[in-house]
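In what follows, a single structure is set out as structure tokens and then discussed.
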Amino acid sequence: HYGDMDFKIAGTGKGVTGIQLDLKIDGINEEIIRGTLEQAKEARLNLLRSMLSAIQRPRKEISPHAPRLVRRQIDPSKIGLLIGPGGKTIRAIQEETKTTLDVDDSGWVTISGFDAAGVEDAVARVEALTEEIKVGKIYNGTVSSVKDFGAFIEIVPGKDGLCHISELADGFVKSVSEICKEGDKVQVKVIAVDDQNRVKLSRKAALAELAGGGDAGT
Numbered sequence: 010h011y012g013d014m015d016f017k018i019a020g021t022g023k024g025v026t027g028i029q030l031d032l033k034i035d036g037i038n039e040e041i042i043r044g045t046l047e048q049a050k051e052a053r054l055n056l057l058r059s060m061l062s063a064i065q066r067p068r069k070e071i072s073p074h075a076p077r078l079v080r081r082q083i084d085p086s087k088i089g090l091l092i093g094p095g096g097k098t099i100r101a102i103q104e105e106t107k108t109t110l111d112v113d114d115s116g117w118v119t120i121s122g123f124d125a126a127g128v129e130d131a132v133a134r135v136e137a138l139t140e141e142i143k144v145g146k147i148y149n150g151t152v153s154s155v156k157d158f159g160a161f162i163e164i165v166p167g168k169d170g171l172c173h174i175s176e177l178a179d180g181f182v183k184s185v186s187e188i189c190k191e192g193d194k195v196q197v198k199v200i201a202v203d204d205q206n207r208v209k210l211s212r213k214a215a216l217a218e219l220a221g222g223g224d225a226g227t
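Here the working numbering is used: the first residue of the sequence shown is 10, the next is one more, and so on.
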């Protein structure tokens, strides 16, 4: 009768945590179930004793080289933003962080990888990309382009705002290039988001607040 029953029992030293039973016969009686549970307990405790002889308790932190899997939920309306045109944005995150990202229709994002730093970087990018832009918050941005009337500044991945020339600094600014150029890192404050989701930024407001002891948001 070997093979009539496939009885898997998982547990700890304190008791059973999971059971899975497959049968190729019509059924089993209580005596067999009790006997199986007793044998499984003996085997489980033997295994635990062997494990504890090697390490007394689980490590507080996983090895940085152990596989990682992290889940985050985003607003489903932001899925397209995360994926990007033709998958460009999500591919870039995966390639640059050496991770794998899976997104379902409900907004759950699963991030996996073999490098702890890479997974953490990918999580940070997903959160930054999909977070709501908050009026009044100061961001560490990057100048993406410079125009005569102001500078477009990326404040989270894939999201630019306009800092008008009048908001670059106190006093008269003759040319945007006097203050910043493409690629510069700048701190800016979100002063408005209009009904078309266009973001207005102010460098001078950010500098004034930071000088008064405020903190940058990102």
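Positions of the beta carbon are idealized from the N, C-alpha and C atoms, including for glycine.
Beta bridge pairing from DSSP links Q82 with W117. In this structure, the alpha-carbon of L216 lies about 57 Å from that of T21.
Nearest neighbour of A75 by Cα position, chosen from G12, D193, Y148, V128, turns out to be V128. In the three-state DSSP reduction, L32 falls in the strand class (E or B). Distance check between G159 and each of E140, E187, N149 places E187 closest, using alpha-carbon atoms only.
Under the three-state reduction of DSSP, S59 is assigned to helix. A straight-line Cα-Cα distance of about 16 Å links I174 and K194. V199 and A125 have their C-alpha atoms roughly 32 Å apart. In the three-state DSSP reduction, R100 falls in the helix class (H, G or I).
In the structure shown, R43 adopts helical secondary structure according to DSSP, grouped into three states. Residue pairing for F161: DSSP places it in a beta bridge opposite S154, L171. Distance check between E140 and each of Q82, A19, T98 places Q82 closest, using alpha-carbon atoms only. Judged by DSSP in its simplified three-state form, G24 adopts strand. In the DSSP assignment, D111 falls within the beta strand (DSSP E) that extends over 109-112.
Within the same chain, and ignoring the five residues on either side of R80 in sequence, the residues whose Cβ sits closer than 8 Å to its Cβ are W117, V118, T119, I120.
Annotated three-state conformation of V135 is helix, per DSSP.
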